[in-house]
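**Q**
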Amino acid sequence: MMAAGLGVLRLSSTEFWAMTPRELNAAFRRSASHTAPTRNDLAQLMQAFPDREQEMQCPTILSSSLR
Numbered sequence: 001m002m003a004a005g006l007g008v009l010r011l012s013s014t015e016f017w018a019m020t021p022r023e024l025n026a027a028f029r030r031s032a033s034h035t036a037p038t039r040n041d042l043a044q045l046m047q048a049f050p051d052r053e054q055e056m057q058c059p060t061i062l063s064s065s066l067r
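Just so we're aligned: 3 in UniProt numbering is position 3 of the sequence shown, and the numbers increase by one with no gaps anywhere.
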């Protein structure tokens, strides 16, 4: 149980030991209900939130190419 709380839920030891059994159970149920997005989900997100050209450029690469 502790390994899952610290490893899967990525809780700190302080957070883990402060949780009640009911809170820990709810956290495990919530994390298990998430599934990976489908191709269709990703396509819809990409259409709704397209990348902008300036966001796609890495500032580190740009500054090093100016030298």
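Even glycine gets a Cβ: it sits at the ideal position worked out from N, Cα and C.
Taking just the CA atoms, how far does Leu11 sit from Ala3?
**A** Rounded to the nearest angstrom, the two C-alpha atoms are 10 angstroms apart.
**Q** Return the CA-CA distance between Leu24 and Thr35, expressed in angstroms with no decimal places.
**A** Going from the Cα of Leu24 to the Cα of Thr35 covers about 20 angstroms.
**Q** If you count every other CB in all the chains shown that lies within 10 Å of the CB of Gly5, and 16 or more means buried, which is it?
**A** Buried.
**Q** Hey, quick one: how far does the alpha helix (DSSP H) through Met19 stretch, first residue to last?
**A** Met19 -> no alpha helix (DSSP H), and no H or E assigned at all.
**Q** Looking at the secondary structure, which residues open and close the alpha helix (DSSP H) in which Asp41 lies?
**A** That run of the alpha helix (DSSP H) goes Arg39 to Ala48.
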